[in-house]
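A.B. asks: Here it is: the structure, laid out below.
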């Protein structure tokens with residue numbers, strides 16, 4: 003069986019002798035504080051959560067660096083393949099998680115890293131090649147035009163009929179006026195980063211509905227901009243891997259939405275009561 007470095011070289015990459023990977027224990031806030039600063043400062047950090055994406059992560063990293071000329075951080079979510087080596091060989095800094103935290107846990111780790119090291123924004127994208135590098139500037143233009151704290155790269159064309167029905171149900175349940183609720187292509191400003199680095203966001207299992215509701219509850223503005231996306235080349239969606247997984251996701255998300263809405267109503271009553279007492 004070939005070593006990980008050999009598999010990376012087979013894809014035309016040569017891993018440096020001492021590439022920059024950092025093993026991250028589970029105590030994320032304390033550990034992120036101890037990670038050394040990146041070699042150069044930039045206003046925005048590209049954060050790419052990745053689990054077993056050795057086949058595609060290098061091309062994604064190279065595309066982001068060529069398009070945005072920004073620092074790139076790959077958060078390796080306990081991969082069993084050469085994801086970390088291939089990402090580092092392509093020029094990314096790499097955080098290696100010893101336990102799988104899921105896409106959102108890995109993304110939050112990257113956001114905390116960015117805050118710790120003075121970045122003013124995070125652009126999050128998937129490692130599987132769905133998000134095209136040449137579409138990334140559109141998110142920055144949309145943020146400049148709208149002043150939104152969060153910009154989502156939206157591709158409605160990728161939604162099947164079943165997904166459209168699911169999103170319609172979730173929009174009715176949450177009141178979110180967004181077209182693409184699960185896109186992993188998002189640009190966060192510093193205010194959004196502060197909210198999403200907090201302990202409440204650590205309780206979330208997914209990076210979509212719960213994250214959006216938390217942002218809205220903190221009165222942050224969210225906008226969408228249409229982008230093109232390609233079909234997934236490797237692996238499969240963690241949410242739509244099977245009907246059983248979809249059912250679990252819908253039940254989980256429904257319970258989360260009800261809990262979030264109830265918390266919001268109780269918070270509103272509490273603020274209203276305090277105002278009346280004054």
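In the working numbering, the protein residues as written are 3 to 280.
For each residue, glycine too, the CB sits at the ideal point set by N, CA and C.
Just so we're clear, the structure is a prediction, and the values are computed from it rather than from any experiment.
Taking buried to mean at least 16 other C-beta atoms within 10 Å of its own C-beta, is residue 131 buried or exposed?
C.D. replies: The residue is buried, with at least 16 neighbouring Cβ atoms inside 10 Å.
A.B. asks: Let me know if residue 122 comes out buried or exposed under the rule of 16 or more other beta-carbons within 10 Å of its beta-carbon.
C.D. replies: That one is exposed.
A.B. asks: Just the Cα atoms here: how many angstroms apart are residue 83 and residue 51?
C.D. replies: Each residue's Cα considered, the two are about 14 Å apart.
A.B. asks: Could you say which of 95, 246 and 87 lies nearest to residue 56 if we only look at CA atoms?
C.D. replies: Residue 56 has its Cα closest to that of 87, out of 95, 246 and 87.
A.B. asks: Take residue 182 and list the residues in its own chain whose beta-carbon comes closer than 7 Å to its own, dropping the five residues that flank it on each side.
C.D. replies: Once the five neighbours on either side are set aside, the close Cβ partners of residue 182 are 154, 156, 157, 158 and 226.
A.B. asks: Quick one: is residue 150 buried, meaning 16 or more other Cβ sit within 10 Å of its Cβ, or exposed?
C.D. replies: It counts as buried.
A.B. asks: Using 10 angstroms around the beta-carbon of residue 171, count the other beta-carbons present and answer buried if the total reaches 16, otherwise exposed.
C.D. replies: Under this definition residue 171 is an exposed residue.
A.B. asks: When you compare only the Cα positions, how much space is there between residue 145 and residue 222?
C.D. replies: Residue 145 and residue 222: Cα-Cα distance of roughly 13 Å.
A.B. asks: Using the Cα positions of residue 185 and residue 97, report the straight-line distance between them to the nearest angstrom.
C.D. replies: Those two C-alpha atoms are separated by around 23 Å.
A.B. asks: Drop a sphere of 10 angstroms on the beta-carbon of residue 167, count the other beta-carbons inside from all chains shown, and report buried for 16 or more, exposed for fewer.
C.D. replies: Label assigned to residue 167: exposed.
A.B. asks: Kindly give me the distance between the Cβ atoms of residue 64 and residue 92, rounded to whole angstroms, as I take these residues to be in contact under 8 Å.
C.D. replies: With 8 Å as the limit, residue 64 and residue 92 qualify as a contact, their Cβ atoms being about 5 Å apart.
A.B. asks: Just to confirm before moving on: does the CB-CB distance between residue 2 and residue 59 stay below 9 Å?
C.D. replies: One cannot answer for residue 2 here, as it falls past the ends of the chain, which runs 3 to 280.
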